[in-house]
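A quick write-up on the structure given underneath.
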Amino acid sequence: MKKPNAIQTILSVAACKLTRLFLRKTGRGGTAVPGIAAMKVCKNILAAVSDGMEIIVVTGTNGKTTTCNMIEHALTSAGRSCLLNKSGANLLHGIASDLISNADWLGHPKYKSAVLECDEAALKQLVQYLTPKAIVVTNLFSDQVDRYGGVQNTLKEIRTGVERSSSSILVLNADEPLSASLALNVPNKVIWYGLEKTVGVRGNIDLSDAGTCPVCGSEYKYDFHIYAHLGGFVCPKCGHGRHTPDVAVVSIDKTSSSGSTIHLKTREGTREVFVALPAVYNIYNAAAAVAAASAAGVPVQKAIESLSTVHSSFGRLETFELNGNRLQMILVKNPAGCNQAFSYVTGFDEDFTAVLYLNNRTGDGHDISWINDTDYEKLCSDPHLKKIYVGGDRAQDLSDRLRKAGASDDLQQIVPDYHQLSDLLKQEKRPVFILPNYTAMMEIRQILVQETGTKEFWE
Ligand SMILES: [Zn+2]
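Position 182 of the sequence shown, counting from 1, maps to 213 under the numbering used here, and the rest follow consecutively.
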């Protein structure tokens with residue numbers, strides 16, 4: 032889109048900054064409002080405030096926030112100044128607010144690079160106003176069906192965004208057939224990442240999101256499985272299938288609650304690296320981050336090294352300490368992510384307590400039927416699970432689901448309010464895993480921040 036002139040730019044930037052200031056002074060958040068104000072004054076303001084910036088956009092169902100965090104860490108470790116939209120405002124106007132308020136009053140960007148988390152449906156809007164150097168698609172799973180009308184529709188929305196941004200490098204998950212299909216019939220350069228058969232991981236297999244071959248419509252066959260519909264997929268009829276990854280995890284050597292030691296193969300050879308965030312899905316995020324950072328010109332070795340010092344982001348395996356006891360929070364919002372979280376929490380040889388909270392407000396998706404497709408049986412059959420605290424607006428539905436999965440009334444307890452939860456957690460002696468969905472996470476986190484003195488994420 033054409034760049035606005037100097038006057039338009041100044042007025043638009045002022046609209047954004049002043050609106051933001053006013054909202055802060057009056058104690059309101061409203062992350063999208065400053066962006067709306069700025070784009071009302073000048074529709075194509077993003078073309079000005081992103082001019083000369085190297086922008087990496089990350090979209091997909093799961094792992095967006097952590098992947099963004101890892102890419103930003105790789106870029107800053109390589110000495111780049113980098114903007115990250117931390118606030119979770121990942122729709123067009125929220126992203127606009129962040130970009131514009133981080134430009135000076137004349138609209139010149141203060142950062143060399145930006146890593147932008149973008150909602151799947153918002154990508155096609157965003158790329159009308161700016162040109163990403165790279166677009167990363169983490170994966171696609173059924174998520175919040177009431178919002179998007181199914182995963183195939185989400186795929187179409189992302190494809191529209193990709194088709195509008197033909198000069199962007201695509202960073203795609205080679206193991207996930209839906210997002211991998213984005214490489215078909217577009218001129219974009221692609222960097223692939225994935226886990227090789229040699230890692231020998233085999234989690235919950237659920238092929239319901241795999242779709243069919245986009246070339247001929249046949250069902251895929253798999254040489255190997257990683258989890259859900261991720262793995263070595265191939266069409267038996269036409270041969271369309273998984274692309275060999277450019278950034279490939281060839282082995283997972285050691286896993287613990289603090290991270291995983293893996294071997295990563297790139298064009299520069301194979302090397303051992305410690306990924307300082309636990310669980311298999313973070314190994315995918317790490318490989319995506321290395322691929323994205325290299326798309327932005329960061330030396331591959333530098334990007335790999337940065338993985339050993341990355342920190343967890345807001346609500347994604349964030350760790351708290353309460354009265355000397357360890358609490359880990361994992362945001363869960365769909366069956367695939369939740370099943371992965373269960374694989375993680377049941378992977379230790381240690382008794383633990385689980386806290387499961389379910390809300391269905393705006394921000395969570397109103398439809399909670401996804402809990403029926405989630406493998407609570409895996410969690411409830413773990414002999415190390417000694418107590419489950421259940422809460423949130425839909426505590427009763429969740430409790431019923433847990434009972435069906437084998438959790439007795441002795442094992443589970445409904446906790447109606449957050450202060451009671453806080454008191455129970457203070458008395459806990461076992462490690463605690465807290466698995467809330469989005470708005471519940473915000474509320475639990477607020478209490479933990481008060482109790483433990485953890486800094487708020489914007490500080
Ligand atoms: Zn085929």
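Note that beta-carbon positions come from the ideal geometry of N, C-alpha and C, so glycine has one too.
Bear in mind that the values here come from a model prediction, so they are computed numbers and not experimental data.
Per DSSP, reduced to three states, the secondary structure at H104 is helical. Closest in C-alpha terms to Q481, from the list P462, H450 and F464, comes H450. According to the DSSP secondary-structure assignment, Q444 is paired through a beta bridge with Y420. When DSSP states are grouped into helix, strand and coil, H294 belongs to the strand group.
Of all residues, those with a beta-carbon under 6 Å from at least one heavy atom of ligand 1 are C244, V246, C247, S249, C266, K268, C269 and H271, reported in chain order.
In the three-state scheme derived from DSSP, where H, G and I count as helix and E and B as strand, A323 is classed as helix. Within its own chain, the residues whose Cβ lies closer than 7 Å to the Cβ of S132, once the five positions on either side in sequence are excluded, are C47, K48, R51 and P65, listed in chain order.
Beta-bridge partners assigned by DSSP to L479: none are found. In the structure shown, G66 adopts helical secondary structure according to DSSP, grouped into three states. In this model, D398 and C247 are separated by some 33 Å (Cα to Cα). With 16 or more neighbouring CB atoms inside 10 Å of its own CB, R476 falls in the buried class. Proximity to L479 across I283, Y224, Q359 and A327 peaks at Q359, based on C-alpha coordinates.
Exposed is the label assigned to C269, since fewer than 16 other Cβ atoms lie within 10 Å of its Cβ.
Of the candidates D395, A327, E227 and T40, E227 places its Cα closest to the Cα of D254. The C-alpha of T185 is placed about 16 Å away from the C-alpha of E148. Here K143 is not near S108, since their CB atoms are 8 Å or more apart. One thing to note: A211 has its Cβ within 8 Å of the Cβ of N204. Counted as a single uninterrupted DSSP element, the stretch harbouring K409 is not any beta strand (DSSP E) but the alpha helix (DSSP H) occupying residues Y407 to C411. For D206, no beta strand (DSSP E) run applies, since DSSP gives it neither H nor E. When the five nearest sequence neighbours on each side are left out, the beta carbons in the same chain lying within less than 6 Å of the beta carbon of T350 are those of Q359, in order along the chain. In the same chain as S249, and ignoring 5 residues on each side of it, the C-beta atoms closer than 8 Å to its own belong to T243, C266, P267, K268 and C269, in chain order. A241 and N313 have their C-alpha atoms some 21 Å from each other. Note on geometry: alpha-carbon atoms of Y420 and L308 lie some 25 Å from one another. Secondary structure within the region 324–395: the alpha helix (DSSP H) runs of 4 or more consecutive residues, fully enclosed, are 331–337 and 366–376 (chain order). The bridge partners DSSP lists for H256 are G262.
Y258 sits close to N235, with the two beta carbons spaced by under 8 Å.
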